[in-house]
Each structure stands twice: as C-alpha cells, then as structure tokens.
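In my numbering, the protein residues as written are 1207 to 1412. In this text, a Cβ means the ideal position worked out from N, Cα and C, and glycines have one as well. As the structure is a prediction and not an experimental result, all values here were calculated from the model. Scroll down for the structure; my scribbles are underneath it.
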Ligand code: ZN
C-alpha cells in the first residue's frame, strides 16, 4: 500500500534524508497521515495537530502542506502517539492513533511500541516488514471537532515591542516580557555570563 502519493521505498528514502534515519515511528506515522488524509474531502484546507514531539511531526510535514513553520501544524507534546487533521473553517476532522490493542498479532511492533527490548535487540527488518504488512490495520480512527480556543485561524500576531527584560524584539503580550524573560529560558549562560534565576530546562535524553 502506498503512503500518500509515495511508494513505501520512496517514502523511506524521503524519511532518511529529512529525519536522518528510517525510524519505525515515521513509517507508522506515514500510514497514520495516509489514513487521515483519505478522510478529508478533496480541496479542503486542513490543519494538523501532533500529540507528541517525536516522529509524527515529521510524517505530517513530509506528507501534508502542514509544517511547524507555516503555522498549520501544532505540536502539543502530550506524549500520545496520535495526530489529527481538521478543517480550518469548521474545526471538524479526524484523529488517528496506533491501536495498541491490535498489537498481539504484531510481535515486533508491540516490542518496539512498548519498548519491551532495548533497541539493539529489536529486529529492525522484521519490524519494518510488519508495519508495512499491517499498515492501516494497526490504526484507530475517530471523528473529532477541534475546541475553538485552539484555532489560530486568522488571528493577528500583534505588534512587535522591545522586551523590558532582555531588550530584544518580541510580539507584544500582556506581561510586557518575551517568553524567555517570563521564565521559559533554555539558556543558563549568555556570552559566558550566568543568567541569574534562569530555569534549566531538562533536555530530552540527557
Ligand atoms: Zn525578554
């Protein structure tokens, strides 16, 4: 079965060049996007939500016009392996997730998804084969309507002001401070100087 307009091999080549490796999550993600896109009426302008920051955002960006940079993909890092596509105007759409209850039939996929074995002990080729064989059979599809508060549709981005904390330009908000000065600062040092009170964000995998 193709993944959107790509053969599986072509999609895997695309994934390798964009993502760096052919991650199983991107292969499953490809079928998730494929299933979701097929539910959207042709010619409908849709936006996307990824409920995890790993793998799925890249499948969405490779296979739809929705990217993080063009504002049509929202990454809401709930840690759930799910994505939604929805009509920009009505908020109606579909949510696709991996149906973990189906995994007893697919041992390699179950081992990968639930991290039952360290990566090096997993059989990568068998895993890939099972994902391709199972394709949409692995997935759950639900209809959704997006909460209006989550629409960005046509909202003005506001005027650019100079932050009273750091002196850098940012889109104006009620606090008169940029996001970093409000406390979400990834840097603990700047040009060799410590930033007092900077909250150290946990870096994934460290
Ligand atoms: Zn600032």
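- residue 1374: CB within 7 Å of a non-hydrogen atom of the ligand ZN: Reading the chain shown from its first residue, position 168 is the one you call residue 1374. Checking every heavy atom of the ligand ZN against the Cβ of residue 1374, one is found closer than 7 Å.
- Message: Measuring only from the beta carbon, is residue 1371 closer than 7 Å to any heavy atom that is part of the ligand ZN?
- Response: Mapped onto the chain shown, residue 1371 falls at position 165. Checking every heavy atom of the ligand ZN against the Cβ of residue 1371, one is found closer than 7 Å.
- Query: Taking Cβ to Cβ, would you say residue 1383 is nearer than 8 Å to residue 1371?
  - Reply: As a working mapping, residue 1383 is identified with position 177 in the chain shown. As a working mapping, residue 1371 is identified with position 165 in the chain shown. Going by C-beta atoms, residue 1383 is nearer than 8 Å to residue 1371.
- Item | Close Cβ partners of residue 1273 (< 6 Å) along its chain, the five nearest in sequence each way excluded | The residue you call residue 1273 lines up with position 67 of the chain shown. So the qualifying residues of the chain are 1267 and 1279.
- Message: Just to confirm before moving on: does the CB-CB distance between residue 1304 and residue 1210 stay below 8 Å?
- Response: Counting from 1 along the chain shown, the entry for residue 1304 is found at position 98. Counting from 1 along the chain shown, the entry for residue 1210 is found at position 4. Contact flag unset, no.
- Nearest to residue 1203 by alpha carbon, out of 1380, 1315, 1299 and 1290? Here the chain covers residues 1207 to 1412 and nothing more, so residue 1203 does not appear.
- First through last residue of the beta strand (DSSP E) which encompasses residue 1223: Taking the first residue of the chain shown as position 1, residue 1223 is located at position 17. Here residue 1223 belongs to no beta strand (DSSP E); instead the alpha helix (DSSP H) covers 1214 to 1225.
- Mind checking which residues open and close the alpha helix (DSSP H) that includes residue 1237? By one-based count along the chain shown, residue 1237 stands at place 31. Unbroken alpha helix (DSSP H) run through residue 1237: 1230 to 1245.
- Message: My output table needs one value for residue 1407: the three-state DSSP class, helix, strand or coil.
- Response: Start at 1 with the first residue of the chain shown, and residue 1407 comes out as number 201. Reliability fails at residue 1407, whose pLDDT of 47 lies under 50, so the model's placement of it is uncertain and no value is given.
- Item | Local conformation of residue 1288 per DSSP, three classes | To locate residue 1288, count along the chain shown from 1; it is residue 82. Residue 1288 falls in the strand class under three-state DSSP.
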